[in-house]
Amino acid sequence: MKYVLPALTVLMAAAGLAVWIFADNLLLGLGLVALALLLGAVAPGIVGRLGTDNSGGDADPARVKEYRAQHPGTTIADAIRATRQ
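Have a look at this one:
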């Protein structure tokens with residue numbers, strides 16, 4: 006589910022280029038590409054929230070790897086945040 010917005014961004018940009026090339030409608034094509042860029046700018050990142058808070062100390066790679074094995078689908082940033090607490 007977290008890849009829906011990035012995929013939609015890429016599809017919208019591709020649709021804008023296709024409209025421009027095949028339908029010869031530059032204005033509509035640029036509008037779709039602009040909407041795709043706007044959606045990509047306001048959508049949350051795929052990587053997760055990266056912070057500079059280092060209050061928990063350095064992350065142990067073995068603990069991060071074990072956490073990600075137990076919780077498939079989590080990002081590295083989420084695993085680091087969880088193992089620091």
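Residues 6 to 90 in my numbering are what the sequence shown lists, from first letter to last. Ideal Cβ positions, reconstructed from N, Cα and C, are used throughout, including at glycine. As the structure is a prediction and not an experimental result, all values here were calculated from the model.
With burial defined as no fewer than 16 other Cβ atoms inside 10 Å of the residue's Cβ, what is the status of A41: buried or exposed? In the sequence shown, residue 41 corresponds to position 36, counting from 1. It counts as buried.
In whole angstroms, what is the alpha-carbon distance linking R73 and T79? Counting from 1 along the sequence shown, the entry for residue 73 is found at position 68. Counting from 1 along the sequence shown, the entry for residue 79 is found at position 74. Their Cα atoms are separated by approximately 6 Å.
Terminal residues of the alpha helix (DSSP H) in which Y8 lies: On the sequence shown, position 3 is the one that residue 8 refers to. No alpha helix (DSSP H) holds Y8; DSSP gives it neither H nor E.
So what's P66 in DSSP terms, helix, strand or just coil? Mapped onto the sequence shown, residue 66 falls at position 61. It is helical.
Between the region 23 to 38 and the region 64 to 72, do at least 3 Cβ pairs fall closer than 8 Å? no
Can you list, in chain order, the residues of its chain whose CB lies under 7 Å from that of N30, leaving out five sequence neighbours each side? Against the sequence shown, residue 30 aligns to sequence position 25. Here the set comprises V24.
Quick one: using the 10 Å Cβ neighbour count with 16 as the cut-off for buried, is I84 buried or exposed? Here residue 84 refers to the residue found at position 79 when the sequence shown is read from its first residue. At residue 84 the sequence reads Ala, which differs from the Ile that was named. So A84 counts as buried.
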